[in-house]
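Numbering (our numbering), first residue to last: 5 to 363.
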């Protein structure tokens with residue numbers, strides 16, 4: 005075998021820096037050599053390649069058939085010449101013929117480089133796919149590498165993977181800057197011709213859920229369960245929680261001592277308001293809680309199959325129950341899955357509230 009220490013040292017360095025296994029790169033080099041031989045030897049791709057990283061050595065042999073009279077020198081070798089290589093050579097048998105690296109020439113080198121580069125890119129794509137899949141539907145801590153000044157889209161890096169956080173998936177009016185460390189939610193992974201692409205978000209409702217799982221041990225341990233989340237990112241989130249253990253204050257666990265737990269999440273979300281309510285199988289109790297921070301006088305079920313109800317609130321709480329542009333009742337409806345019609349206790353409507361009373 006011919007020594008090629010530099011080649012294997014380069015491969016080991018690539019493995020260390022890029023995380024691409026040496027064995028994978030060797031397989032790509034072998035493909036390149038086979039391709040080069042096919043070009044140089046009239047289509048003959050019957051090649052034996054031995055590469056030994058431990059000994060920093062490799063050897064390439066092309067295989068030809070031994071014949072009495074050569075008709076195609078790319079695939080055949082005369083018995084007389086074959087005997088010079090191996091005394092056991094016989095007509096009809098195959099013979100492995102060692103090739104000198106110089107035999108490959110410029111075309112072989114270019115082909116090898118091209119395939120190796122592609123192989124490295126493929127290897128990096130594979131590494132990225134593994135990285136993305138390991139974080140799928142989880143929170144990852146990422147670094148902002150650059151922000152497009154026109155679109156506002158941010159290129160971020162987490163682990164060895166790179167992804168784009170679109171402006172539409174950023175929270176409210178937050179302004180990201182190069183070098184910022186942020187948390188992101190990996191909603192999914194898509195594979196394309198350009199390689200795997202992570203779908204990342206800071207607006208997804210599951211982002212809030214994962215933040216609470218990390219911040220509240222009772223949720224992580226399964227003592228407290230998040231039943232439902234509705235969210236308008238950058239503005240308000242409603243979350244319904246429940247515990248099978250009657251001794252556990254599910255809402256209090258999420259809020260924390262002096263609001264420490266929920267405030268940590270509010271800070272991460274740039275000041276987004278979070279309403280934490282107690283889930284109930286009783287739709288009357290659940291809808292009443294969901295309309296928090298407004299007080300509710302009563303809830304009347306209109307159509308249980310269509311999940312339609314009417315909530316009555318004190319006149320002084322009407323605007324609070326409906327919320328700015330109907331946001332509070334809209335989020336309560338999403339949270340509970342019930343269509344909610346808000347009515348004032350007095351039965352008297354102001355001039356501009358009728359259109360915003362139902363969600």
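Ideal placement from N, C-alpha and C gives every residue a C-beta, glycine not left out.
Look up residue i in the DSSP assignment and give the residues it is bridged to.
i, result
"residue 178", "None, per the DSSP bridge assignment."
"residue 192", "203"
"residue 51", "66"
"residue 340", "For residue 340, which the question treats as bridged, DSSP gives no partner whatsoever."
"residue 71", "82"
"residue 187", "145"
Does the beta-carbon of residue i, which I'm using as the reference point, lie nearer than 7 angstroms to any heavy atom of the ligand ZN?
i, result
"residue 147", "This structure lacks the ligand ZN, and indeed carries no ligand of any kind."
Run through DSSP, which three-state label would residue i get?
i, result
"residue 335", "helix"
"residue 30", "helix"
"residue 109", "For residue 109, the predicted structure reports a pLDDT of 46, less than 50, and the residue's modelled location is therefore unreliable. The matter cannot be settled from this model."
"residue 349", "coil"
"residue 59", "coil"
"residue 84", "helix"
"residue 330", "helix"
"residue 169", "strand"
"residue 252", "coil"
"residue 18", "helix"
"residue 281", "strand"
"residue 9", "helix"
"residue 161", "strand"
"residue 299", "coil"
"residue 140", "coil"
"residue 261", "helix"
"residue 24", "coil"
"residue 42", "helix"
"residue 92", "coil"
"residue 222", "helix"
"residue 355", "Its pLDDT being 44, under 50, residue 355 is placed unreliably in this model, and the value from its coordinates should be taken loosely. If DSSP states are grouped into helix, strand and coil, residue 355 belongs with coil."
Check for me: the beta strand (DSSP E) holding residue i runs from which residue to which?
i, result
"residue 302", "302–307"
"residue 99", "98–102"
"residue 234", "229–236"
"residue 246", "240–246"
"residue 317", "312–317"
Can you give me the start and stop residues for the alpha helix (DSSP H) that residue i sits inside?
i, result
"residue 216", "209–219"
"residue 149", "Per DSSP, residue 149 belongs to no alpha helix (DSSP H); it is in the beta strand (DSSP E), 143–151."
"residue 270", "264–272"
"residue 292", "287–294"
Tell me, to the nearest whole angstrom, how far the beta carbon of residue i is from that of residue j; I am working on the premise that it is less than 8 angstroms.
i, j, result
"residue 274", "residue 175", "5 angstroms"
"residue 52", "residue 65", "4 angstroms"
"residue 266", "residue 258", "6 angstroms"
"residue 190", "residue 144", "6 angstroms"
"residue 278", "residue 270", "6 angstroms"
"residue 294", "residue 281", "6 angstroms"
"residue 204", "residue 173", "7 angstroms"
Would you please verify whether the beta carbon of residue i is less than 8 angstroms from any beta carbon of chain B?
i, result
"residue 66", "Within the model displayed, chain B is absent; a lone protein chain is all it includes."
Practice prompt. Check whether the segment 306–320 touches the segment 213–228, taking contact to mean three or more Cβ pairs, one atom from each stretch, closer than 8 angstroms.
Written response: Segments in contact, no.
Discussion item. Under 8 angstroms, with one C-beta from each stretch per pair, do the segment 76–95 and the segment 45–53 reach the 3-pair mark?
Written reply: Two segments are said to touch when three or more pairs of C-beta atoms, one from each, lie closer than 8 angstroms; by this definition the segment 76–95 touches the segment 45–53.
Worksheet item: Is there contact here, the segment 207–215 with the segment 145–160, by at least three beta-carbon pairs under 8 angstroms?
Response: No contact exists between the segment 207–215 and the segment 145–160.
Discussion item. Tell me whether the segment 140–157 and the segment 179–195 touch, counting them as touching only if at least three CB pairs, one residue from each stretch, are closer than 8 angstroms.
Written reply: Yes: the two stretches touch, three or more of their Cβ pairs being nearer than 8 angstroms.
Worksheet entry | Touch test, the segment 328–336 against the segment 232–247, Cβ-Cβ under 8 angstroms, three pairs minimum | The segment 328–336 vs the segment 232–247: in contact.
Item to complete: May I ask you to verify whether the segment 295–308 touches the segment 245–254, counting CB pairs closer than 8 angstroms and requiring at least 3?
Response: These segments do not touch.
Discussion item. For the segment 8–20 against the segment 29–41, do three or more pairs of beta-carbon atoms, one drawn from each stretch, fall closer than 8 angstroms, so that the two count as touching?
Written reply: Taking 8 angstroms as the limit for Cβ pairs, the verdict is that the segment 29–41 does touch the segment 8–20.
Worksheet item: When the Cβ atoms of the segment 95–106 are set against those of the segment 57–73, are three or more pairs found closer than 8 angstroms?
Response: Yes: the two stretches touch, three or more of their Cβ pairs being nearer than 8 angstroms.
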